């Protein structure tokens, strides 16, 4: 897949602590940070974005069988305040001299692209940053259609000249969302979002210069940063064998980190001597760009291995809240409700979450544990990674509302809320995913 409905929607403020492109560090903050939202408002927004992201991913899979890949978010319906539809943004600079770009971090995309100055207002979305101007960069070079990179771009068509023409790309969804433009090579500078700290300029990275881009975008972003499994993704072009992320508490204000390249002390901040768990990354033939795991089962409290089918599970940077197919979701929800022994909040006031009412005073109710069982690995979720609480002051009668932070969806997608304070490593060379509980603000 190639782009963004993001899914954790977080602002990726980037700091490079090494000039070696095999070991880059990027700092992250949540896209909703600083908006003054309550935890309930944050979680509702995350759930809406996650549902939009799932639709985006499914449409990408539907298109992949026809030789097209997705690279723009699909419209999930109207939002009340036009909030962004992507989880993380990475702040980079492109060109010589550097021009600022702000790209959606997307593990479901390969091609990195940004809107360019040739993009007319009628065919592109609004953005707060100036459009990237390739004519003002001394290091920009168009790619010819005969270049190997052009041959890997789906589809290599749209007027490409086999001998001397520029490499035009066109990436679209079944819903009509699209990005079109030409591929080029450029210097990308990874630097702090505040202008502090060191930086690393990496030449010759292939990217898309977008001239016609439609879909659900906001002024927060200028394009997409592809972290997928294809040859044109940033990890592939930077020739790193792995990348990892460590998300701090999503409702907090502390920054998170993405690492490109394996540091020597990768798991030195693991909690309480926790054992690193490792599971194979599997492939989905319908969309080989995406990262899949093999989910073997789910445990809720005393009920080990609920009667849910073994299934592929997508792990995705653009999704906040984990979603389960209807049958699996109902099994997990019903077992959780049976063990928590609290009344369900009626109606759709807490939609799409299943929530329970508890007295505000007195001890907190017991909440069953939860674990996800993958091939060769078990992800034991701390309570704050699958349950959240809000206080309901309706009609002056305060009560505690306890919600299961998992939603119903079309397929299993492992979201970022479930990965808080967990260091997750994508081992690209060995096609494995490793994870361990960590203090992510100390990474």
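In UniProt numbering, the protein residues as written are 1 to 443.
Glycine residues also receive a C-beta, built at the ideal position from the N, C-alpha and C atoms.
Note that the structure is a prediction, hence the values are computed from the model and not measured.
| Rounded to whole angstroms, how far is the Cβ of residue 186 from the Cβ of residue 93, which I believe are closer than 8 Å? | At roughly 10 Å, the Cβ-Cβ gap does not stay under 8 Å, so residue 186 and residue 93 are not in contact.
| query | Does the separation of the CB atoms of residue 385 and residue 439 fall below 8 Å? | reply | Their beta carbons are not under 8 Å apart, which means residue 385 does not touch residue 439 by this criterion.
| message | Measuring alpha carbon to alpha carbon, tell me which residue in 90, 409, 391 is nearest residue 234. | response | For residue 234, the closest alpha carbon among the candidates 90, 409, 391 is that of 90.
| said: Can you tell me whether residue 447 is buried or exposed? The criterion is at least 16 other CB atoms within 10 Å of its CB, across all chains shown. | reply: An answer regarding residue 447 cannot be provided, because it is not within the stretch 1 to 443 covered by the chain.
| task | Give the range of the alpha helix (DSSP H) segment to which residue 235 is assigned. | result | Counting along the chain, the unbroken alpha helix (DSSP H) around residue 235 starts and ends at 234-237.
| request: State the DSSP-derived secondary structure class of residue 336, mapped to helix, strand or coil. | output: Judged by DSSP in its simplified three-state form, residue 336 adopts helix.
| request: Compute every distance between the C-beta of residue 229 and the non-hydrogen atoms of the ligand FAD, then say whether any falls below 7 Å. | output: Judged by which ligands are present, the structure shown has none, so any question about the ligand FAD falls away.
| Rounded Cβ spacing between residue 103 and residue 96 (contact assumed at less than 8 Å) | With a Cβ gap of about 18 Å, residue 103 and residue 96 do not count as contacting.
| task | Just the C-alpha distance for residue 402 and residue 379, rounded to the nearest angstrom, thanks. | result | Residue 402 and residue 379 have their alpha carbons spaced roughly 22 Å apart.
| request: Would you list the one or two residues that DSSP bridges to residue 373? | output: Bridge partners of residue 373: 297, 378.
| query | residue 314 and residue 224: beta carbons closer than 8 Å? | reply | With contacts defined as CB atoms closer than 8 Å, residue 314 and residue 224 fail to qualify as a contacting pair.
| request: Taking all protein chains shown into account, decide if residue 68 is buried (16 or more other Cβ within 10 angstroms of its Cβ) or exposed. | output: Bear in mind that the predicted position of residue 68 carries a pLDDT of just 29, short of 50, making it unreliable; the figure below should be weighed with that in mind. Buried is the call here.
| request: Give me the Cα-Cα distance between residue 140 and residue 115, rounded to the nearest whole angstrom. | output: Roughly 14 Å separates the two Cα atoms.
| request: Return the bridge partner residues of residue 437 from the DSSP annotation. | output: According to DSSP, which records beta bridges pairwise, residue 437 is partnered with 422.
| request: Tell me whether residue 147 sits in a helix, a strand or coil according to DSSP, three-state version. | output: Of the three classes helix, strand and coil, the one that applies to residue 147 here is coil, per DSSP.
| message | Is the separation between the beta-carbon of residue 354 and that of residue 415 shorter than 8 Å? | response | Their beta carbons are not under 8 Å apart, which means residue 354 does not touch residue 415 by this criterion.
| query | By how many angstroms is the C-alpha of residue 423 removed from the C-alpha of residue 323? | reply | For residue 323 and residue 423, the gap between their C-alpha atoms comes out near 21 Å.
| query | Helix, strand or coil for residue 242 per DSSP? | reply | Residue 242 falls in the strand class under three-state DSSP.
| request: Would you mind giving the Cβ-Cβ distance between residue 281 and residue 293, rounded to the nearest angstrom? I have them listed as a contact below 8 Å. | output: Yes, they are in contact, since the Cβ atoms of residue 281 and residue 293 sit about 7 Å apart, within 8 Å.
| field | Residue interval of the beta strand (DSSP E) (run including residue 211) | value | Going by DSSP, residue 211 is part of the beta strand (DSSP E) stretching over 200-214.
| query | What residue does the beta strand (DSSP E) around residue 179 start on, and which one ends it? | reply | Unbroken beta strand (DSSP E) run through residue 179: 178-190.
| The beta strand (DSSP E) enclosing residue 321, as first and last residue numbers | Careful: residue 321 lies outside any beta strand (DSSP E) and carries neither H nor E.
| In terms of residues, what are the limits of the beta strand (DSSP E) holding residue 400? | The continuous beta strand (DSSP E) containing residue 400 extends over residues 399-404.
| request: Output yes or no for whether 8 Å exceeds the beta carbon distance between residue 169 and residue 208. | output: Annotated as proximal: residue 169 and residue 208, with beta-carbon spacing under 8 Å.
| query | Would you report the Cα separation of residue 288 and residue 357, rounded to the nearest angstrom? | reply | Looking at the two C-alpha atoms, the distance is approximately 43 Å.
| Cα separation between residue 85 and residue 369? | Note that residue 85 has pLDDT 49, beneath the 50 cutoff, so the model's placement of it is unreliable and the number below is only indicative. When rounded, the distance between both Cα atoms is 31 Å.
| query | By how many angstroms is the C-alpha of residue 421 removed from the C-alpha of residue 443? | reply | So the alpha carbons of these two residues sit roughly 10 Å apart.
| request: Output yes or no for whether 8 Å exceeds the beta carbon distance between residue 167 and residue 144. | output: Less than 8 Å separates the beta-carbon of residue 167 from that of residue 144.
| request: Assign residue 335 to buried or exposed, taking buried as 16 or more other Cβ atoms, counted over all protein chains shown, within 10 Å of its Cβ. | output: Buried, because 16 or more other Cβ atoms sit within 10 Å of the Cβ of residue 335.
| Taking the alpha carbon of residue 328 as the point to measure from, which residue in 311, 121, 317 has its own alpha carbon closest? | Per the Cα distances, 311.
| Rounded straight-line distance, which links the Cα of residue 220 to that of residue 214 | Each residue's Cα considered, the two are about 15 Å apart.
| request: Return helix, strand or coil for residue 356, following the three-state DSSP convention. | output: DSSP places residue 356 in strand when its eight states are reduced to three.
| request: Report, in whole angstroms, the separation of the C-beta atoms of residue 260 and residue 243, which I expect to be a contact under 8 Å. | output: Their Cβ separation, rounded to whole angstroms, is 5 Å, which keeps residue 260 and residue 243 in contact under 8 Å.
| query | Using a Cβ-Cβ cut-off of 6 Å (strictly less than) and excluding sequence neighbours within five positions of residue 404, which residues of its own chain qualify? | reply | Beyond the five residues adjoining it in sequence on each side, residue 404 comes within less than 6 Å, by CB distance, of 336, 354 in the same chain, given in chain order.
| said: Just to confirm, is the Cβ distance from residue 245 to residue 118 under 8 Å? | reply: No, Cβ-Cβ distance for residue 245 and residue 118 is not below 8 Å.
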